[in-house]
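Working notes for the structure below.
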Amino acid sequence: MGLLSETQIRAAKPGPKEYLLNDGDNLYLRVRATGKAWIYRYMRHGKPVKLGMGPYPGVTLAQARIKANEANCLRANGQDPKDVRGREEELARTARLQTFELMARAWHKSATKDRHWSDAYSHRIIRHLELHVFPWVGDKPIDTILPTEIVSCLHRPKERGNLETAQRIREVIQHIYQYAVDLGTLEPAKNFVNRYTGGLPSPRGRHYAAITDPAQLGQLMRDIRNYHGNFITCCALRLAPMLFQRPGQIRFADWEDINLEVELWRCPPEKMKMREWQKRDSRTPAHIVPLPRQALEILEELHSLTGPTGPVFRSMSRRSETSRYISENTINVALRTMGYDTKEQITGHGFRATARTMIREHLGWDPDVIERHLAHTSDEELGSSYDRAEFIAQRKTMVQQWANFLDELEAGKLPQPDSKVLQFIREKPRSAFRLRA
């Protein structure tokens, strides 16, 4: 028989602090200024534990007593009421994620947060699923989907020529199935998705189009010099091969990050190509780009138009905060206007490969110095952790030599190869070689 009555419960008024009214059998009514609620109290491993039984009057006195009696029965059978409730809540939560689409969206939300994905990348991942997977298996319980159904989802984009998309979708599905296993919704034995699912061939890597022939590069530099487009576009186009930074870095450059006196351009981590957690880490250093004399002359001309603050390459047609920089396609559109195929000949990103190849081959610079200027990190284990050299002095000399080399190519002065090497290359192959005695 309980100790409380409905009259006592209704008459209980909140005080300056919360207090408990004992109904017996470990059941209490907690009275607060915010309302009344039922609490089940017991000891576990010598420590008091409180288990909520619901708010009053939503849970009546009779219902609260039934819940308390059930908790007492569990303890009598050696079970902990709090652990039992935790398992029930977990089962209820996973039951709500039974379909593939619900499971996929739950995984996507968790991965976006845990892996610090950018908004663009996160959107691209869920869009792949919405287009290529959800229409066919999205409404099916994940443990009833047949392997052939997943394979069909992978083969559709592959047969349309989008092999890389199919590969990415398979990787995402792998993560979703493992997520379902980790939640306990899917038995490990039913996780059939792996890197061989669908029998997809590895996609062929395709490099950005780039020019590595001095004569062709000289012609391109002359074409850039004679290009009569928008002045801001012309400046960006002339600086791209000279500085050979990523197009996004050039596009989002701000005057606040450029010091014409010390001849340096500072690229903050948030404007660099790196993982989101690195961009947010206060310890990640900015990428410093030394500026050659020719680049300084271009920037000084541009300063009077777009300076002294804000975007260096300001969009003159769009003035909103999100679109005040030139378009990501500006440089490639200019190259196509000049008659270049940006898929086969040269692209804005390809200037990096052009510089990387020709600085090494014709100017003889150490790869470590070039790689640092490209903002590439070491792939060796712990390499980027211990090697933090910036090579500022060396890179200042290197970029000035490179800018001078571009001027020479533009003027038609080409590097002359060794005559003996050139003769050997042009010789017809012999049917046999005779070794010297």
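Mapped onto my numbering, the consecutive letters of the sequence shown carry residue numbers 9 to 445. The C-beta atom is built at its ideal place from N, Cα and C for all residues, glycine as well.
Since residue i contacts residue j with CB under 8 Å, what's their CB separation in whole angstroms?
i: valine 5; j: glutamine 253; result: With the chain covering 9 to 445 only, the question about residue 5 has no answer from this structure.
i: arginine 368; j: isoleucine 378; result: 6 Å
i: histidine 124; j: tryptophan 285; result: 4 Å
i: leucine 268; j: leucine 225; result: Between leucine 225 and leucine 268 the Cβ distance is about 27 Å, and since that is not below 8 Å, they are no contact.
i: alanine 294; j: proline 276; result: 5 Å
i: alanine 261; j: isoleucine 334; result: So it is not a contact: roughly 10 Å between Cβ atoms.
i: leucine 35; j: tryptophan 46; result: 7 Å
i: methionine 229; j: leucine 371; result: That pair is no contact at about 16 Å.
i: histidine 215; j: alanine 361; result: 7 Å
i: tryptophan 144; j: serine 118; result: Actually they do not touch by this definition, with Cβ atoms about 23 Å apart.
Quick one: what does DSSP say residue i is sitting in, helix, strand or coil?
i: histidine 311; result: helix
i: tyrosine 333; result: strand
i: tryptophan 115; result: helix
i: proline 56; result: strand
i: arginine 322; result: strand
i: tryptophan 125; result: coil
i: tryptophan 410; result: helix
i: asparagine 85; result: coil
i: aspartate 349; result: coil
i: glycine 62; result: strand
i: valine 141; result: coil
i: proline 316; result: coil
i: asparagine 340; result: helix
i: leucine 28; result: strand
i: isoleucine 354; result: coil
i: serine 47; result: Checking the sequence shown, residue 47 turns out to be isoleucine, not serine. Correct three-state label for isoleucine 47: strand.
i: valine 39; result: strand
i: proline 298; result: strand
i: threonine 107; result: strand
i: proline 423; result: coil
What is the rounded straight-line gap between the Cα of residue i and the Cα of residue j?
i: leucine 162; j: aspartate 147; result: 18 Å
i: threonine 345; j: glutamate 309; result: 24 Å
i: asparagine 340; j: tyrosine 187; result: 41 Å
i: aspartate 91; j: leucine 37; result: 22 Å
i: valine 189; j: glutamate 138; result: 22 Å
i: tryptophan 300; j: arginine 135; result: The amino acid occupying residue 300 in the given sequence is proline; tryptophan does not appear at that position. Cα to Cα, proline 300 sits roughly 43 Å from arginine 135.
i: arginine 93; j: tyrosine 50; result: 15 Å
i: serine 8; j: histidine 381; result: Missing from the structure shown is residue 8; the chain here goes from 9 to 445 and no further.
i: tyrosine 235; j: arginine 164; result: 43 Å
i: leucine 208; j: glycine 315; result: 51 Å
i: glycine 66; j: glycine 23; result: 22 Å
i: glycine 54; j: asparagine 199; result: 42 Å
i: glycine 356; j: valine 141; result: 34 Å
i: leucine 272; j: tryptophan 263; result: 11 Å
i: glutamate 416; j: leucine 422; result: 7 Å
i: glutamate 352; j: arginine 364; result: 18 Å
i: lysine 281; j: lysine 44; result: 54 Å
i: cysteine 242; j: glutamine 302; result: 14 Å
i: glycine 391; j: threonine 292; result: Confidence in glycine 391 is poor, its pLDDT being 41 and thus under 50, which makes the residue's placement unreliable; the coordinate value appears in the next sentence. Their backbone Cα atoms lie some 15 Å apart in a straight line.
i: methionine 250; j: arginine 283; result: 26 Å
If you count every other CB in all the chains shown that lies within 10 Å of the CB of residue i, and 16 or more means buried, which is it?
i: glutamine 175; result: buried
i: glutamate 179; result: exposed
i: tyrosine 185; result: buried
i: glutamate 109; result: buried
i: histidine 116; result: buried
i: arginine 168; result: exposed
i: cysteine 81; result: exposed
i: isoleucine 133; result: buried
i: isoleucine 240; result: buried
i: threonine 338; result: buried
i: aspartate 221; result: exposed
i: glycine 358; result: buried
i: arginine 18; result: exposed
i: serine 393; result: Unreliable placement is indicated for serine 393, whose pLDDT of 45 sits below 50; the coordinate value is still reported in the next sentence. The residue in question, serine 393, is exposed, as its Cβ has fewer than 16 Cβ neighbours within 10 Å.
i: alanine 217; result: buried
i: proline 375; result: exposed
i: arginine 246; result: buried
i: glycine 206; result: buried
i: isoleucine 400; result: exposed
i: aspartate 289; result: exposed
i: glutamine 257; result: buried
Legend entry - Within the segment 257–295, ranges of the alpha helix (DSSP H) (whole runs, at least 4 residues): The segment 257–295 contains, as complete alpha helix (DSSP H) runs of 4+ residues, the segments 284–288 (chain order).
Legend entry - Those runs of the alpha helix (DSSP H) which lie wholly inside the segment 160–208 and span at least 4 residues: 171–191
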